[in-house]
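Colleague: In my numbering, the protein residues as written are 1 to 313.
Note that the Cβ used here is the ideal one computed from N, Cα and C, for glycine as well.
After the structure tokens below, expect a handful of questions from me.
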């Protein structure tokens, strides 16, 4: 079964980027490619960009998108094998995913982690159950550990804005937040950035180390000022503790990115996946200023999704 959940190879990554840029230049060039096909976009959690961009991407290919908010419009799902369903769950994932697999040609699933059961989250349990029982190609619209469509859009954006830079210096910097935030975006961004051969530095307060399987090959720097020197791209994102799983270890406001932080990186462009807590994670002056690529990333979400749907078709 085909699935789109992670970075697989630099060659495939570049192929997907090139196809996305082709679609960006002419969004409906392949309007006949998906005629007669359906994609089921199944959301167990809220979404704005992922939801809308995936629907537009499918429509650009002639694919009919159907959206289901499973947490509000579907039955409460039982995910565990052999469960005696005498409590709150109404339908087993075996049955629900099997039905969805018979209705659609492709599924696209969004399911956040619990941030309480580390072992279950690291196995991508909920997402994997849909893959296991649907029997059709599945796209991750963000899962417990990865957000590949976001990361593909990020790589498209980096390529568009690094034409004269052979090996851009990319910095992933932690930003403060009031809630415990999943690791998916940070994991996926690190995985894709390293996979595409870029120079990646990750900076965060002590205790916010990410899962090493996603960061191997990156420079880990606890001094944010040092990390930001001569950066070409700065990606701002919050995440909670990994070793101390799901915990808020620090809310140090000094980590919020401002122009003062970028004095030693005069040409740096700034990225964020949105939604963003303004003047907490990232300052207004950066978000609304000439460095910001945030809106361009959001636009590229359409063409990232379109490239992947086209690839799976």
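What span of residues does the alpha helix (DSSP H) with residue 53 cover, start to end?
Modeller: 49-60 is the extent of the alpha helix (DSSP H) around residue 53.
Colleague: Cβ atoms of residue 34 and residue 13: under 8 Å apart, would you say?
Modeller: Not in contact: residue 13 and residue 34 (Cβ atoms no closer than 8 Å).
Colleague: With which residues is residue 3 paired in a DSSP beta bridge?
Modeller: 138, per the DSSP bridge assignment.
Colleague: Residue 292 and residue 270 - do their beta-carbons sit closer together than 8 Å?
Modeller: Contact flag set, yes.
Colleague: Going by DSSP, what residue range makes up the alpha helix (DSSP H) through residue 98?
Modeller: Where residue 98 is concerned, the enclosing alpha helix (DSSP H) stretches over 93-103.
Colleague: Residues in its own chain within less than 8 Å of residue 221 by CB, not counting five upstream and five downstream?
Modeller: Contacts found: 201, 202, 203 and 227.
Colleague: May I have the straight-line CA-CA distance separating residue 215 from residue 209, to the nearest angstrom?
Modeller: About 9 Å.
Colleague: At a cut of 8 Å, does the segment 14-28 reach the segment 289-307 through at least three beta carbon pairs?
Modeller: In short, these stretches touch, since the Cβ pair count reaches three.
Colleague: Could you tell me the alpha carbon to alpha carbon distance between residue 47 and residue 165, rounded to whole angstroms?
Modeller: The straight-line gap from Cα to Cα measures roughly 34 Å.
Colleague: List the whole-angstrom C-beta distance separating residue 225 from residue 256, where the pair is believed to meet the contact cut-off of C-beta under 8 Å.
Modeller: The Cβ separation is near 13 Å, so there is no contact.
Colleague: The beta strand (DSSP E) spanning residue 174 covers which residue range?
Modeller: Here the beta strand (DSSP E) through residue 174 covers 169-174.
Colleague: Among 238, 207 and 254, whose alpha-carbon lies nearest the alpha-carbon of residue 180?
Modeller: Looking at the Cα atoms, 238 is the closest of the given residues.
Colleague: Would you check if the distance between the CB atom of residue 235 and the CB atom of residue 276 is smaller than 8 Å?
Modeller: Result no, Cβ atoms of residue 235 and residue 276 do not sit closer than 8 Å.
Colleague: Is it right to say residue 80 is buried, meaning 16 or more other beta carbons lie within 10 angstroms of its own, or is it exposed?
Modeller: The residue in question, residue 80, is exposed, as its Cβ has fewer than 16 Cβ neighbours within 10 Å.
Colleague: Excluding sequence positions up to five away, which residues of its chain have a Cβ less than 6 Å from the Cβ of residue 97?
Modeller: Correct list, in chain order: 130, 133 and 134.
Colleague: Closer than 7 Å by C-beta to residue 94: which residues in its own chain qualify, once you throw out the five before and the five after it? Chain order, please.
Modeller: Excluding sequence neighbours, residue 94 sits near 133.
Colleague: Pairing CB atoms from the segment 74-92 with CB atoms from the segment 106-117, are three or more of them under 8 Å?
Modeller: The answer is no - the segment 106-117 does not touch the segment 74-92, with fewer than three Cβ pairs under 8 Å.
Colleague: Between which two residues does the beta strand (DSSP E) harbouring residue 69 extend?
Modeller: First-last of the beta strand (DSSP E) with residue 69: 64-69.
Colleague: Does the beta-carbon of residue 325 have 16 or more other beta-carbons within 10 angstroms, so that it is buried, or is it exposed?
Modeller: This structure gives no information on residue 325, because the portion of the chain shown stretches from 1 to 313.
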